[in-house]
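For the sequence shown, this note's numbering assigns the number 47 to the initial residue and increments by one for each residue that follows.
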Amino acid sequence: MTKIAIVTGANRGLGRNTALSIARQGGDVIVAYRGNEAQAEEVVAEIRALGRNAVALQLDMTQVAAFPAFVETLRVALRDTWGRDTFDHLVNNAGHGEFALIAETTEAQFDGLFDVHVKGVFFLVQALLPIIADGGRIINFSSGLTRVSYPGFAAYSAAKAAVEMLTVYMAREFGARGITANTVAPGAIETDFGGGLVRDDADVNAQFAAMTALGRVGLPDDIGPMVASLLRDDNRWVTAQRIEVSGGQTI
Numbered sequence: 047m048t049k050i051a052i053v054t055g056a057n058r059g060l061g062r063n064t065a066l067s068i069a070r071q072g073g074d075v076i077v078a079y080r081g082n083e084a085q086a087e088e089v090v091a092e093i094r095a096l097g098r099n100a101v102a103l104q105l106d107m108t109q110v111a112a113f114p115a116f117v118e119t120l121r122v123a124l125r126d127t128w129g130r131d132t133f134d135h136l137v138n139n140a141g142h143g144e145f146a147l148i149a150e151t152t153e154a155q156f157d158g159l160f161d162v163h164v165k166g167v168f169f170l171v172q173a174l175l176p177i178i179a180d181g182g183r184i185i186n187f188s189s190g191l192t193r194v195s196y197p198g199f200a201a202y203s204a205a206k207a208a209v210e211m212l213t214v215y216m217a218r219e220f221g222a223r224g225i226t227a228n229t230v231a232p233g234a235i236e237t238d239f240g241g242g243l244v245r246d247d248a249d250v251n252a253q254f255a256a257m258t259a260l261g262r263v264g265l266p267d268d269i270g271p272m273v274a275s276l277l278r279d280d281n282r283w284v285t286a287q288r289i290e291v292s293g294g295q296t297i
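Laid out in C-alpha cells, this is it:
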C-alpha cells in the first residue's frame, strides 16, 4: 500500500524539498500550507509530475482551535483521493525564525515562536492521533542551534529544544501502536528562513561555513532526502532520536 505523508509548511523551503523527496521515494503527500495556496498547488503539480498523488490543504499552526476542522477536511481528502481513513507519516516542518538578542526580543516574538514550534506541534499531533495509522511515523524538525549558540536565536532555539523533549515523549507514549517519533535537526541552510539570513548575508553564511566540518552551509537537497529516507520501512527501529543533519556543525 502506498504510504501517505502530511508535510506542514510544504509550499516552500525545506518542507517543499521534503515533500518532493518523499514523492521521489514513492510516497504520496498532503501538502499543508499556511497562506500561499499558489505555491502549494505548484508543489502538488510537481509531485503529480513524478507519478505520485498529492493534495494541498490549508493549515495555520497557530490556530489550534481550527485543528478539528482541519482533521475533518483531511478525512474527506483521504477518502476522496485515496479511499482511506488514515495516513501514515507526519512531518512537522512548518515554522519561522526570529533574529533578536535576548535584550531585544519582544513578548510577541517569543509567543509567536512557541505557538508555532511547540504548542502547534503538540496539539496538531494530538488532533491527528486518531487517524495516523498504527506503525506510522512522526518527524519533528528541530535545529542545530539546540547544541550550539549563535547570538540572536535564543527564543527560537529554546522552542526547538522543547520540541526535542516533546518528541521523546511522543516516542514513549505512541510506541505501543508501533508509531515512531524522531527529531531531525538541520544546521544552517540556504533558504528564505529567517528572512533569508543564511542565504543572503555573506558574512553570516561564511561564519556558519567556518563552523562546519564539510566547509559550507547546507542546501535543501541536503535535508529533504534524508527525511524521506527516515520514513522508509528499513528505519522502523529508529525512535526517540535527535538526528542532526548539519555537515558537522561545530564538532
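Ideal placement from N, C-alpha and C gives every residue a C-beta, glycine not left out.
These numbers were taken from a predicted model, which means no experiment stands behind them.
Going by other Cβ atoms of all chains shown within 10 Å of its Cβ, with 16 needed for buried, is residue 109 buried or exposed?
exposed
Please name the residue or residues paired with residue 239 in a DSSP beta bridge.
Bridge partners of residue 239: none, in fact.
Among 116, 220, 179, which one has its Cα closest to the Cα of residue 173?
116
Within 10 angstroms of the Cβ of residue 183, are there 16 or more other Cβ atoms? Answer buried if so, exposed if not.
Counting the other CB atoms within 10 Å of its CB gives residue 183 a total of 16 or more, which places it among the buried residues.
Going by C-alpha distance, which of 94, 259, 219, 266 is nearest residue 139?
266
Evaluate residue 307 with the Cβ neighbour count: other Cβ atoms within 10 Å of its Cβ, from every protein chain shown; 16 or more gives buried, anything less gives exposed.
Any question about residue 307 goes unanswered here, given that the chain covers just 47 to 297.
How would you call residue 64, buried or exposed, if buried means at least 16 neighbouring beta carbons within 10 angstroms?
buried
Just verifying my parser: in three-state terms, what is the DSSP assignment at residue 156?
Note: residue 156 maps to helix in three-state DSSP.
Name the one or two DSSP bridge partners that residue 109 has.
Residue 109 is not bridged to any residue.
Could you pull out every unbroken alpha helix (DSSP H) segment of at least 4 residues lying fully inside the segment 165 to 206, listed in chain order?
167 to 174
First and last residue of the beta strand (DSSP E) that includes residue 74?
Residue 74 -> beta strand (DSSP E) spans 74 to 79.
Would you mind stating whether residue 201 and residue 151 have Cβ atoms separated by less than 9 Å?
yes
May I have the straight-line CA-CA distance separating residue 219 from residue 260, to the nearest angstrom?
37 Å
Roughly how many angstroms separate the alpha carbons of residue 94 and residue 149, rounded to a whole number?
47 Å
Spell out the partners DSSP gives residue 135 in its beta bridges.
51, 183
Measure the alpha-carbon distance for residue 10 versus residue 134 and round it to whole angstroms.
Here the chain comprises residues numbered 47 to 297, so residue 10 is not present and cannot be evaluated.
Using 8 Å for Cβ pairs, my map puts residue 205 next to residue 159. What's the rounded Cβ distance?
5 Å
Per DSSP, what are the beta-bridge partners of residue 262 in this structure?
Checking the DSSP bridge columns, you'll see residue 262 has no partner listed.
Looking only at its chain, what residues have a beta carbon closer than 8 Å to the beta carbon of residue 66, apart from the 5 residues adjacent to it on each side?
Excluding sequence neighbours, residue 66 sits near 89, 92, 93, 96, 270.
Which residues does DSSP list as the beta-bridge partners of residue 289?
For residue 289, which the question treats as bridged, DSSP gives the partners 230.
Just curious, the beta strand (DSSP E) that residue 102 is in, first and last residue?
100 to 104
Check this for me: beta carbons of residue 277 and residue 289, under 9 Å apart or not?
no
In the structure shown, what three-state DSSP assignment does residue 253 receive?
helix
DSSP puts residue 295 in a beta bridge; with which residues?
258
May I have the straight-line CA-CA distance separating residue 102 from residue 137, to the nearest angstrom?
15 Å
Is residue 225 helix, strand or coil when you go by DSSP?
coil
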